[in-house]
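Numbering (my numbering), first residue to last: 61 to 382.
We treat Cβ as the ideally placed atom computed from N, Cα and C, and that holds for glycine.
Nothing here was measured: the structure is a model prediction, and the numbers come from that model.
Take a look at the structure set out below.
Written out as structure tokens, the structure is:
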């Protein structure tokens with residue numbers, strides 16, 4: 061029985077350097093003020109801080125698959141991937157796709173190329189409501205045993221302007237992904253294993269997640285439903301006083317894992333089962349009674365902290381494979 065250690069982390073603004081030649085002109089204008097003093101030295105510090113944490117994952121052997129968001133381009137993801145490879149002695153490869161996000165931040169996957177093959181091309185879906193939201197990114201990995209596992213990386217629209225005011229944007233993303241999952245299952249079969257991971261900018265019980273994405277904490281409902289419901293693995297943390305993001309004294313579980321019915325069933329009939337889910341809260345990553353993530357920010361902000369990491373905590377999912 062093989063284990064698959066899958067991690068997700070919103071790494072908070074992993075940008076290329078100020079005035080990077082790799083940045084398109086429209087984005088250079090957009091980010092000019094935001095990236096003031098974001099030099100090579102600052103980027104190196106940011107990468108070093110992230111690697112300190114990521115190299116501790118999976119008992120210091122590194123993640124098998126690592127999904128991340130708020131990365132500007134493939135170049136910075138490759139830098140991070142190479143640094144993790146050196147730190148833990150594994151050979152990682154990168155999956156990344158540029159999107160039209162107004163701040164230029166994307167989703168990517170880093171994976172152990174000795175453990176997985178990528179089945180087909182990386183696919184992303186642009187979701188519109190007046191303007192494009194961040195793309196949802198899909199990748200299908202084939203294990204050494206020959207089983208396929210489809211991962212969907214998410215970074216849903218933020219709560220800027222208010223939770224209720226911004227909620228329609230997240231609702232339309234949830235509704236679109238629910239339809240998308242139906243299409244995946246049409247092609248791959250009803251019991252195809254799917255994992256959603258990401259920063260959803262809503263709680264597990266919010267309308268966008270429950271009513272539109274069709275996510276639930278009721279296993280029987282998920283397994284028995286005619287529609288493709290998802291089993292949300294994060295409900296157990298709602299009563300534990302720890303979240304993945306803290307704003308003031310508001311502790312929220314914005315970063316989540318959800319799985320399709322074959323994984324939720326825990327049946328030997330299907331290849332994957334859920335073994336463990338965690339919110340990673342190493343002592344250096346958080347502070348205070350609310351376990352507030354120690355953010356890195358950026359030099360153009362008053363809260364810049366070169367000893368910080370991110371304004372989100374990482375999460376971990378372990379799947380076992382029959």
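*Using the beta-carbon count (16 or more within 10 Å), is residue 151 buried or exposed?*
So residue 151 ends up on the exposed side.
*With a 10 Å radius around its C-beta and 16 neighbouring C-beta atoms as the bar for buried, classify residue 256 as buried or exposed.*
It counts as buried.
*Would you mind working out which of 351, 345 and 337 sits nearest residue 64, comparing C-alpha positions?*
Shortest Cα-Cα distance from residue 64 to any of 351, 345 and 337 involves 337.
*Would DSSP call residue 197 helix, strand or coil?*
In this structure, residue 197 counts as strand in the three-state DSSP scheme.
*Considering only residues of the same chain and omitting the five flanking positions on each side of residue 269, which have a CB-CB separation below 6 Å?*
Hits under 6 Å: 262 and 275.
*Using the Cα positions of residue 198 and residue 101, report the straight-line distance between them to the nearest angstrom.*
Residue 198 and residue 101: Cα-Cα distance of roughly 33 Å.
*asked:* By the three-class DSSP mapping on this structure, what secondary structure does residue 192 have?
replied: A caution first: residue 192 carries a pLDDT of 49, below 50, which makes its placement in the model unreliable, though a value can still be read off. It is a strand residue.
_Could you check whether the stretch 84-98 touches the stretch 223-230, counting it as contact only if at least three pairs of C-beta atoms, one from each stretch, sit closer than 8 Å?_
No, they do not touch.
*Go ahead and pull the three-state DSSP assignment for residue 312.*
Residue 312 falls in the strand class under three-state DSSP.
*The beta strand (DSSP E) spanning residue 255 covers which residue range?*
It spans 254-259 - the beta strand (DSSP E) in which residue 255 sits, taken as one unbroken run.
*Residue closest to residue 108, alpha-carbon to alpha-carbon, out of 318, 142, 305 and 203*: Of the listed residues, the one whose Cα sits closest to residue 108 is 142.
*Excluding the 5 residues preceding and the 5 following residue 134 in the sequence, name in chain order all residues of the same chain whose CB lies nearer than 8 Å to its CB.*
Closer than 8 Å at the Cβ level, and outside the excluded window around residue 134, lie 154, 156, 158 and 168.
*Between the Cα of residue 106 and the Cα atoms of 315, 365, 126 and 297, which residue gives the shortest distance?*
Ranked by how close their Cα comes to the Cα of residue 106, the residues 315, 365, 126 and 297 have 365 in first place.
*How would you label residue 128, buried or exposed, when you count the other beta carbons within 10 angstroms and need 16 or more for buried?*
Classification of residue 128: buried, given that the 10 Å Cβ count is 16 or more.
*Please report how far the alpha carbon of residue 115 lies from the alpha carbon of residue 124, in whole angstroms.*
When the Cα atoms are used, residue 115 and residue 124 turn out to be separated by approximately 12 Å.
_Local conformation of residue 171 per DSSP, three classes_ = Here residue 171 sits in strand by DSSP.
*Helix, strand or coil for residue 203, going by three-state DSSP, please let me know.*
In the structure shown, residue 203 sits in coil (DSSP, three-state: anything other than H, G, I, E or B).
*DSSP-derived helix/strand/coil call for residue 109*: Three-state result, residue 109: helix.
*CA-CA distance, residue 300 and residue 145?*
The C-alpha of residue 145 is placed about 33 Å away from the C-alpha of residue 300.
*Rounded to whole angstroms, how far is the Cβ of residue 321 from the Cβ of residue 289, which I believe are closer than 8 Å?*
With 8 Å as the limit, residue 321 and residue 289 qualify as a contact, their Cβ atoms being about 7 Å apart.
*How many angstroms separate the CA atom of residue 258 from the CA atom of residue 112?*
CA-to-CA, the gap between residue 258 and residue 112 works out to about 21 Å.
*For the alpha helix (DSSP H) that residue 240 lies in, which residues bound it at each end?*
First-last of the alpha helix (DSSP H) with residue 240: 223-248.
_I want to know whether the stretch 374-382 touches the stretch 352-359 - three or more CB-CB distances under 8 Å._
Flag = no, the stretch 374-382 and the stretch 352-359 do not touch.
*Between which two residues does the beta strand (DSSP E) containing residue 68 stretch?*
Where residue 68 is concerned, the enclosing beta strand (DSSP E) stretches over 62-74.
*Going by the beta-carbon positions, is the gap between residue 176 and residue 126 smaller than 7 Å?*
Not a contact, by the Cβ cut-off of 7 Å.
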